[in-house]
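Asks:
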Amino acid sequence: MTIGWFVTGTDTEIGKTTFSTLLLDSLKENGFKVVGFKPVASGAKWINGELINDDVNQLREHSTNHYTTNQINPYCFEPAIAPHIAAKEAQVNIDFELIKRSFDSLIGNVDKVVIEGAGGILVPLHDHLLTIDLCEFLALPVIIVVGMRLGCINHALLTEKCILNRGIQVSGWVANCVDPNMSRYSENLKTLTQLMTTPLLAEIPYQNTNKKTITWLNKEVLIK
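Each residue of the sequence shown is one higher than the one before, starting from 16 at the first, in this note's numbering.
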């Protein structure tokens, strides 16, 4: 039984947090103790003397227990820019060992951890280290969130191939509609289902309200 997943995406702002929180809720509904974990976040505001990233806040709210920001988000930077640039400006070295220690401190108290990456799979975290290197280091299966819009087929296939070529397990992918006016949505979804080598795990409709919904979730793969 897997302890969790690393959630990545085909781009930034394509629904990684939306899917991660929906997955956390589904796991809780099935009796699992869960926590959301975001190793690196950029784009945050100072609230009561603490840097708070909105994605991290949502992950914390959907976790089983109360966790401090530092527990589930070891690195947080104020400017909404590429993490490696934000880290360099803050004179901070993103340390994978520190991230692993934070991760290890959580897994003893929960059944499942949902890790949300920053941006896409090749986003730099250091001068010579990428998000995919962190995936490999943490040794968790990956879930790819595909932002369903024009160009998504190319982005999805490239992302999946990149991860698999590194020998990293991919549990599957999620179709998240980010463009309510996307032309030929069903045709694009069908093509992706045919061309992706890993299974479709969930389909999420366009979210136009604060209440997040999910059309379909592959419980055989995720809820076990």
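In this text, a Cβ means the ideal position worked out from N, Cα and C, and glycines have one as well. In this text the structure is predicted, and so the values were computed from the model without any measurement.
#1: Comparing alpha-carbon positions, which option in F152, T206 and Q106 lies nearest L215?
#2: Ignoring anything shorter than 3 residues or poking outside the region 79-160, list the beta strand (DSSP E) runs there in chain order.
#3: Can you tell me which residues form a DSSP beta bridge with C177?
#4: Note down the Cα distance separating L37 from V161, rounded to an integer number of angstroms.
#5: Measure the Cβ-Cβ separation of K48 and T79 and say whether it is below 8 Å.
#6: Which residues share a DSSP beta bridge with M163?
#7: Alpha carbon to alpha carbon, how far is R117 from W20?
#8: Going by Cα to Cα distance, which pick from M163, A171 and N180 is closest to D148?
#9: From what residue to what residue does the alpha helix (DSSP H) around S198 run?
#10: Tell me which residues share the same chain as Y90 and place their Cβ nearer than 6 Å to its Cβ, disregarding the 5 neighbours each side in the sequence.
#11: Looking only at C-alpha atoms, which of M163, V189 and P220 sits nearest to S198?
#12: Quick check on K205: does DSSP put it in helix, strand or coil?
#13: For the candidate residues L137, N68 and V128, whose alpha-carbon lies nearest to that of E175?
#14: Do the region 181-191 and the region 141-157 touch if we need at least three Cβ pairs shorter than 8 Å?
#15: What would DSSP say about A171, mapped onto helix, strand or coil?
#16: Alpha carbon to alpha carbon, what distance is there between Q106 and Y200?
#17: Would you report the Cα separation of N72 and F92, rounded to the nearest angstrom?
#18: Let me check one thing: in DSSP terms, what residues is L232 bridge-paired to?
#19: If you check the beta carbons only, do L42 and I178 fall under 8 Å apart?
Replies: Concretely, from the data shown:
#1: Nearest option by C-alpha distance: T206.
#2: Listed in chain order, they are 90-92 and 127-135.
#3: Residue pairing from DSSP leaves C177 without any beta-bridge partner.
#4: Their Cα atoms are separated by approximately 15 Å.
#5: Their beta carbons are under 8 Å apart, which means K48 touches T79 by this criterion.
#6: DSSP, once it has assigned bridges, lists C192 as partnering M163.
#7: Checking the sequence shown, residue 117 turns out to be Ser, not Arg. Spanning the two alpha carbons is a distance of roughly 15 Å.
#8: D148 has its Cα closest to that of N180, out of M163, A171 and N180.
#9: Counting along the chain, S198 falls outside any alpha helix (DSSP H), and DSSP gives it neither H nor E.
#10: Result list for Y90: V55 and I109, in chain order.
#11: Distances from the CA of S198 to each of M163, V189 and P220 were compared; the closest alpha carbon is that of M163.
#12: K205 falls in the helix class under three-state DSSP.
#13: Ranked by how close their Cα comes to the Cα of E175, the residues L137, N68 and V128 have L137 in first place.
#14: With the cut-off at 8 Å, the region 181-191 and the region 141-157 touch.
#15: Reduced to three states, the DSSP call for A171 is helix.
#16: If you take the alpha carbons of Y200 and Q106, they lie about 44 Å apart.
#17: Rounded to whole angstroms, the separation of the alpha carbons of F92 and N72 is 14 Å.
#18: Listed as beta-bridge partners of L232 by DSSP are A217.
#19: I178 sits away from L42, with the two beta carbons spaced by 8 Å or more.
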